[in-house]
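At position 219 of the sequence shown (counting the first as 1) the number is 216 in my numbering, and the numbers step up by one without a gap. Here a beta-carbon is modelled for each residue, glycine too, at the ideal position from N, C-alpha and C. Report on the structure given below.
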Amino acid sequence: MAIPLPARFLPLVATALSPTLLAQTPWSDGSLVGLPTMYSVTQSTKLTDLNRGAEGYSKPAGFSSATPKPMIVVGGPDFSATALFGRCSQLRQYPEIDAFSLGLDILPTTPDGKIKVGANRWVGIIYSVASGATGQKGSRIGAENDPKNGNYNGADMFNYVYKGSSCLPADMIGTTFRAWDAAEAGLPNVAQTELDALDAYASLYELGMAAELGMSPNPTFYFSVSGSKDSLARVPDGWWINPKQKSGAAIFSTQWDSKKRAWRCPKEIWPPKRLGLKPCEDIDALAIDGPYVMFSTRRATETCPVKRNQLLFTDLSVDAAAAVTVTYDNDEPVTNGLGLGDVDDIDALCGLDPTCNLQGNRLQIERMFGYSNGTTPRLPFPKLEVQAYRRRTPGRTEFYAINMVGGAPGQFAVLLASPPGGFGRGLFVPIGATVVPQRSPFDGNPIAPMLMPVPPGITKGSIELTFLSFFLPNPPYQLRVSVPLVLQL
């Protein structure tokens, strides 16, 4: 709704802007925070699905504490394990997916694997790491690995924008951020929880944007399976080029048939040699852009002592393909900026290119994920929402992590707390404020991370959280109000 801002709100706003009321802290952040994504997890992740290692789960825009569900698109592709493999496997349990891609990734690489970002664009990746990754000193990856305080990084999604990008603040380029963590995706925050594959483009089918963007109603699904003995044994012989040469470094593909509403039976399309790999290796992250393939393999082991960088590239347009390290022009490995430690492992990968438009101040990713149709907004601006969940900080202090979603860039936003039903009766207290940033105002983009201490001694009860968002100082003051979020204490 849009209503005039009463004059009596102005003192409230001034009070709310006081920095002593609510400390703000970096939480999930970066240019792709809260991005909607399809993902898979390892079979060891503590979810109830029998075939959780083969499911394509839906991560909605923004943050959510809801239990993950398979991505089954109404009128579109079904990415559940049963749909992917049920017609083509006689086993009750399916192979564990280790990496996947719809082949829509954007990889700004030269044929020899060097990153080349064009003018007026920003390009990057979202990725995850194997649980327990220690990261470089001071890295975001390392900061999220804190088992003593109940924090694990295997279910976190990180985002990184390549050096040479434009259109974003300089501190967002060449730096790793955490786009979301387990609690923000409804995943158990325990050591066994681990993302295994990522693809943001699948979300466009779920968001109803695929047709508008010219995406095929019959997408191709590329994937690898875990190289473990159990997983390889669950791959039907008919899927392999040579069933006597099973490998976790092979890539399979299957295609959705929109008329039959079914996937074709998977087939191995690229054996390890075609990617420049050894049969003993195991691909565990994958991004595909035409003949260009970016991927990661598991670290060297005693049974497979092949040492490689954690971000590799192969140009499949040449006959003698080789797996090379992804670097910048100066031969610096891109992984230097990802915050990886010497033994850390990239575990999922997706390449994105939110190219700036001709005006230079809007991002194509906004159109992709529902904010506009490329020229005019679909809505005056994304709807205003509150997201909050309980978390524990170092020292085991209990806090509520609160985020705002939506709002028009440049608006002030004030967070109000009230007893249940109190907002409608005018009973509320301002506990924080922010200004909606000018960047990335697409639907579901969480901003303004705040921490609110849990009131000591309170074991039950609830409060309501509401955001007000408005333009100042010129009248008429347009006010937007979010639906109150009831927070159980």
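For residue i versus residue j, is the C-beta distance shorter than 8 Å?
| i | j | result |
| --- | --- | --- |
| residue 112 | residue 219 | no |
| residue 269 | residue 247 | yes |
| residue 70 | residue 203 | yes |
| residue 238 | residue 176 | no |
| residue 416 | residue 460 | yes |
| residue 384 | residue 183 | no |
| residue 154 | residue 192 | yes |
| residue 164 | residue 119 | yes |
| residue 282 | residue 199 | no |
| residue 309 | residue 318 | no |
| residue 335 | residue 157 | yes |
| residue 276 | residue 307 | no |
| residue 323 | residue 106 | yes |
| residue 114 | residue 162 | yes |
| residue 222 | residue 95 | yes |
| residue 487 | residue 479 | An answer regarding residue 487 cannot be provided, because it is not within the stretch -2 to 486 covered by the chain. |
| residue 449 | residue 396 | yes |
| residue 99 | residue 196 | yes |
| residue 201 | residue 207 | yes |
| residue 169 | residue 28 | yes |
| residue 211 | residue 291 | no |
| residue 305 | residue 279 | no |
| residue 82 | residue 35 | no |
| residue 181 | residue 37 | no |
| residue 103 | residue 350 | yes |
If I follow the unbroken beta strand (DSSP E) through residue i, where does it start and stop?
| i | result |
| --- | --- |
| residue 286 | 280 to 286 |
| residue 430 | 426 to 432 |
| residue 254 | 248 to 254 |
| residue 202 | Unbroken run through residue 202 is the alpha helix (DSSP H), 199 to 203; no beta strand (DSSP E). |
| residue 123 | 121 to 126 |
| residue 34 | 34 to 38 |
| residue 290 | 289 to 294 |
| residue 101 | Run containing residue 101: none; DSSP gives neither H nor E here. |
| residue 325 | From DSSP, residue 325 is part of no beta strand (DSSP E); its letter is neither H nor E. |
| residue 312 | 309 to 312 |
Using a Cβ-Cβ cut-off of 6 Å (strictly less than) and excluding sequence neighbours within five positions of residue i, which residues of its own chain qualify?
| i | result |
| --- | --- |
| residue 44 | none |
| residue 57 | 33 |
| residue 420 | 461, 463 and 481 |
| residue 78 | 48, 51, 52 and 91 |
| residue 190 | 42, 151, 152, 179 and 184 |
| residue 108 | 312 |
| residue 514 | Within the shown structure, residues of the chain are numbered from -2 to 486, placing residue 514 beyond reach of any answer. |
| residue 171 | 160 and 334 |
| residue 477 | 381 and 466 |
With a threshold of 8 Å on Cβ separation, who are the neighbours of residue i within its own chain once the five nearest residues in sequence on each side are excluded?
| i | result |
| --- | --- |
| residue 225 | 93 and 245 |
| residue 341 | 126, 127, 130, 131, 132, 138 and 307 |
| residue 252 | 215, 216, 217, 218, 260 and 261 |
| residue 66 | 54 and 55 |
| residue 424 | 415 and 416 |
| residue 432 | 407, 408, 409 and 410 |
| residue 142 | 129, 130, 131, 132, 148, 149 and 150 |
| residue 330 | 306, 308, 322, 323 and 324 |
| residue 491 | Limits of the chain in this structure are -2 at one end and 486 at the other, which puts residue 491 out of reach. |
| residue 484 | 385, 397, 459, 460, 461 and 462 |
Under the DSSP definition of a beta bridge, which residues are partnered with residue i?
| i | result |
| --- | --- |
| residue 266 | DSSP output for residue 266 lists no bridge partner at all. |
| residue 461 | 415 and 483 |
| residue 237 | According to DSSP, residue 237 bridges with nothing at all. |
| residue 222 | 94 |
| residue 467 | 409 and 476 |
| residue 382 | 402 |
| residue 259 | 254 |
| residue 55 | 35 and 66 |
| residue 217 | 252 |
| residue 450 | 396 |
| residue 195 | 36 |
| residue 46 | Answer is none; residue 46 lacks a bridge partner. |
What are the boundary residues of the alpha helix (DSSP H) that residue i is part of?
| i | result |
| --- | --- |
| residue 79 | 78 to 82 |
| residue 348 | Element bounds for residue 348: not the alpha helix (DSSP H) but the beta strand (DSSP E), 343 to 349. |
| residue 140 | 137 to 140 |
Looking only at its chain, what residues have a beta carbon closer than 7 Å to the beta carbon of residue i, apart from the 5 residues adjacent to it on each side?
| i | result |
| --- | --- |
| residue 266 | 248, 249 and 250 |
| residue 136 | 173 and 336 |
| residue 264 | 236, 249 and 250 |
| residue 144 | 188 |
| residue 332 | 306, 307 and 308 |
| residue 64 | 183 |
Tell me, please, whether the CB atom of residue i is closer than 8 Å to any CB atom in chain C?
| i | result |
| --- | --- |
| residue 198 | Among the protein chains of the structure shown there is no chain C, as only one such chain exists. |
Minimum length 3: unbroken beta strand (DSSP E) runs contained in the segment 149 to 193: Runs found: 154 to 158 and 173 to 177.
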